[in-house]
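In full-length UniProt numbering, the protein residues as written are 1 to 208.
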């Protein structure tokens, strides 16, 4: 099966992406130089050469300029494009691989975001909500690919485990300043938990 092709974004969308990135880059630069709490939305907008109205059109709050990313849509899109009947481990690896590749392609920006999350209490609290949404996303993915109900006990447990793979690997990556590739950290963790995924594809099997 040929891989799906995606049309290139039009001029308007490219401008939107460029401006969104410029705002995030300006914000992270200011947060690093003068601190998160001491930086205002007005300062960020000025540094990005835009208006506060435009800032809020892209990011509802100052926290969102740090936390907002394309991981969830990328995860969902990649999963939807995988062939029906593909082994669950291959689907999960492909979806996580797409998210990781995007994070590593924007390595400096991603590391800066994650460092802030680890040091700013307000961001850490919001990030916990992101973790819950990731678990919900993984639960839906596993249910859709296996035909099991979303409240299946084994499925819920494994969704939590897979979320832990992503977030624990990401935290180690940040703590090591990116010394070990994020892809390698996630691969190591997935290899450890792959036997759990096999239990979801075989209704006669139970968790070890």
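Every residue gets a Cβ at the ideal spot worked out from N, C-alpha and C, and that includes glycine. A quick note: this is a predicted structure, and the numbers were derived from the prediction, not measured.
Test: residue i CB closer than 7 Å to a CB of chain D
| i | result |
| --- | --- |
| residue 187 | Structure shown: chain D not included; a single protein chain is present. |
Per-residue burial, residue i [other beta carbons within 10 Å of its own, 16 or more giving buried]
| i | result |
| --- | --- |
| residue 17 | exposed |
| residue 180 | exposed |
| residue 30 | buried |
| residue 145 | buried |
Helix, strand or coil at residue i [DSSP, three-state]
| i | result |
| --- | --- |
| residue 189 | helix |
| residue 127 | helix |
| residue 53 | helix |
| residue 136 | helix |
| residue 94 | helix |
| residue 59 | coil |
| residue 47 | helix |
| residue 104 | helix |
| residue 115 | helix |
| residue 148 | coil |
| residue 84 | coil |
Selection from the options that minimises the alpha carbon distance to residue i
| i | options | result |
| --- | --- | --- |
| residue 117 | 81, 71, 152 and 65 | 65 |
| residue 41 | 33, 32 and 60 | 60 |
| residue 125 | 85, 39, 58 and 67 | 67 |
| residue 121 | 49, 20, 36 and 156 | 36 |
| residue 170 | 139, 33, 71 and 90 | 71 |
| residue 97 | 199, 191, 183 and 73 | 183 |
N-terminal and C-terminal residue of the alpha helix (DSSP H) that residue i is part of
| i | result |
| --- | --- |
| residue 153 | 153 to 175 |
| residue 73 | 71 to 81 |
Cβ shell of residue i (< 6 Å), same chain only, five flanking positions each side left out
| i | result |
| --- | --- |
| residue 3 | With a pLDDT of 43 at residue 3, under the threshold of 50, the modelled position of this residue cannot be trusted; read the value that follows with caution. Hits under 6 Å: none found. |
Beta-carbon proximity list for residue i, same chain, < 8 Å, skipping 5 on both sides
| i | result |
| --- | --- |
| residue 131 | 163 and 167 |
Contact set for residue i: own chain, Cβ-Cβ below 7 Å, skip 5 residues either direction
| i | result |
| --- | --- |
| residue 15 | none |
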